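Chemist: Chains as they are written, first to last, in this note's numbering: chain A, 92 to 328; chain B, 92 to 328. Note that CB positions come from ideal geometry on N, CA and C, so glycine has one too. Computed from a predicted model, the values in this text were never measured in an experiment. Below: one structure in structure tokens.
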DNA sequence: TGCACAAAAATCGTATGCAATCTTTTTTGA
DNA sequence: TCAAAAAAGATTGCATACGATTTTTGTGCA
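Right, dumping it as structure tokens:
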């Protein structure tokens, strides 16, 4: 019952499927860190919370499990994922491989309208960085991820876009677990530089900046096995 | 009922979940082209076929839908996906972006045992190429895809490996729909060259060969809008 | 008090039922 | 004869029910 108030907040995307809407809600909650890694998501609870039967709740959890945001154990239930350091490395290795290419693709397709959208996105980022408090922090993480998703959408490859959605979501889990300084303030300026490269259609530069940007994010992590996810789990949190 | 004999063939992987086992079975059937694009997969039919309730069948179909192998329409059901030319291009664009990197990663981690596995894989490919008949053709396509999956597993990144599983599966659908010569015979020799590069730990070469290999596969496609998937669909096939 | 074991509660896995929606066939009217 | 409307049939969306498994609670015994 205590996750109720943590969840209901994101606007319900008018999706076709109810299960999808619930998945989106839960994903936002996980990405925003309103749901901590390890939190149990029981079918019944999720169901009553969103006022659907377990059938639908289960489908939503299954989707999240595919995205790697939720880990399900047979006969035990679903839990917000608790990525290991190794998993964290793989997430970032994947991003290093994919995102520079996405930046290049975006370079070749970016329109004036896209640039405007980027500027708006950067403004929002800046606003949250200026603010104080945990809510702003959450919004900042979210906005930072949204930048990368916006880029992926501009690149115009639906498949890669979906991969990126997964990678960005998992990244925010990783940052929640292993992040040192929270969010690198330099992230914002790097995003700005990337948009600049896009604007001047500098493939090469955009790709290089993106690679460095990902390196910086990962460098901010402390991937030594802290207190062990196992313990964290044993403590039921 | 007429898809029954087309499906029951793959060995049932002893998975924890029954839904997963069914998904694997269906995926193999789709990749092997025993199930043609557009084929309807009704929950009831799948259920009775595998002797489970619609609940479980539905879960399996949902998984396939996430992988892009099945398209589900609300209140209408699930169908083997019918990728558009644009989708096909995106599949290959994704592979061009990811697989050279995977080849590089594999280069850095490949062991003697891996090389042996590759050799075995290549042998199998060669055997199917030599054989005649539609069954051998299917096995050839499957084996060709398995080469890429083996490489992905050697690369040691579980996330990228899953992406590749999806991309390879979708590729075989695309080839089924738009392939010209069926399977490029040159594919086998290119695979052999790539293994050679791996063996001599030539990052650069492995990456380049992989890129060319993907280009060759894509070059064999005829992506002009043939008779339109819409028509194909309208004809209920 | 501490431990082992059994009963109870909670939760999951799956089958089944009913209403809603879509498809096909039949009927009706021009 | 053909087109449109209506009915029948099939299929999905979802809720609920029940057995199986896990977790928790409670009790007796050392």
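Please return the same chain residues whose Cβ sits closer than 6 Å to the Cβ of residue 212 of chain B, not counting the five positions on each side in sequence.
Modeler: 238 and 241
Chemist: For a contact meaning CB atoms closer than 8 Å, what does residue 182 of chain A contact in chain B?
Modeler: 250
Chemist: What's the call for residue 245 of chain A, buried or exposed, on a 16-neighbour Cβ count within 10 Å?
Modeler: Classification of residue 245 of chain A: buried, given that the 10 Å Cβ count is 16 or more.
Chemist: How far does the beta strand (DSSP E) with residue 168 of chain B in it reach, from first residue to last?
Modeler: Its beta strand (DSSP E) spans residues 168-171.
Chemist: Please confirm whether residue 306 of chain B and residue 269 of chain B have their CB atoms less than 9 Å apart.
Modeler: no
Chemist: Output, in chain order, the set of chain B residues within a Cβ distance shorter than 7 Å of residue 189 of chain A.
Modeler: Chain-ordered, the chain B residues with CB closer than 7 Å to the CB of residue 189 of chain A read 188 and 189.
Chemist: Please name the residue, chosen from B/179, B/145 and B/194, that lies closest to residue 168 of chain B on a Cα-to-Cα basis.
Modeler: Answer by Cα proximity: B/145.
Chemist: Measuring alpha carbon to alpha carbon, tell me which of A/110, A/304, A/316 and A/292 ends up nearest residue 206 of chain A.
Modeler: A/292
Chemist: Report yes if the C-beta distance between residue 249 of chain A and residue 178 of chain B is below 9 Å; otherwise report no.
Modeler: A contact, by the Cβ cut-off of 9 Å.
Chemist: Let me check understanding here. Comparing Cα to Cα, which of A/298, A/260 and A/139 lies closest to residue 120 of chain A?
Modeler: A/260
Chemist: Give the C-beta separation of residue 193 of chain A and residue 251 of chain A to the nearest angstrom, bearing in mind that I take them to be a contact with Cβ-Cβ under 8 Å.
Modeler: 6 Å
Chemist: What residues in the segment 138-154 of chain A bring their beta carbon closer than 9 Å to a beta carbon of chain B?
Modeler: 146, 149, 150, 153 and 154
Chemist: Counting only C-beta atoms, is residue 200 of chain A closer than 9 Å to chain B at any point?
Modeler: no
Chemist: Taking the alpha helix (DSSP H) that residue 178 of chain A belongs to, which residues open and close that run?
Modeler: 176-200
Chemist: Nearest CA to the CA of residue 110 of chain A: which residue from A/129, A/134 and A/125?
Modeler: A/134
Chemist: Verify whether the separation of the beta carbon atoms of residue 278 of chain A and residue 308 of chain A is less than 9 Å.
Modeler: yes
Chemist: Against residue 192 of chain B, what residues of chain A qualify as contacts under a CB-to-CB distance less than 7 Å, listed in chain order?
Modeler: 188
Chemist: Which runs of the beta strand (DSSP E) spanning at least 3 residues fall entirely within the segment 263-301 of chain B, listed in chain order?
Modeler: none
Chemist: Name, in chain order, the residues that DSSP records as bridge partners for residue 164 of chain B.
Modeler: B/168
Chemist: So who's on the other strand from residue 233 of chain A, going by DSSP bridges?
Modeler: Per the DSSP secondary-structure output, residue 233 of chain A pairs with nothing in a beta bridge.
Chemist: Is the beta carbon of residue 148 of chain B less than 9 Å from the beta carbon of residue 113 of chain B?
Modeler: yes
Chemist: Could you give the DSSP three-state label for residue 126 of chain B: helix, strand or coil?
Modeler: coil
Chemist: Count the other CB atoms, across all protein chains shown, that sit within 10 Å of the CB of residue 230 of chain B; report buried if there are 16 or more and exposed otherwise.
Modeler: buried
Chemist: So residue 236 of chain B packs on residue 122 of chain B, CB below 8 Å; how close in whole Å?
Modeler: 7 Å
Chemist: Are there 16 or more other CB atoms within 10 angstroms of the CB of residue 161 of chain B, so buried, or fewer, so exposed?
Modeler: buried
Chemist: Which residues of chain B have a Cβ atom closer than 7 Å to the Cβ of residue 185 of chain A, listed in chain order?
Modeler: 248, 250 and 251
Chemist: With 9 Å set as the bound, which would you pick, yes or no: does the beta-carbon of residue 157 of chain B sit closer than that to a beta-carbon of chain A?
Modeler: Residue 157 of chain B counts as touching chain A.
Chemist: To the nearest angstrom, how far is the alpha carbon of residue 131 of chain A from that of residue 152 of chain A?
Modeler: 11 Å
Chemist: How far does the alpha helix (DSSP H) with residue 147 of chain B in it reach, from first residue to last?
Modeler: 145-157 is the span of the alpha helix (DSSP H), which, as asked, contains residue 147 of chain B.
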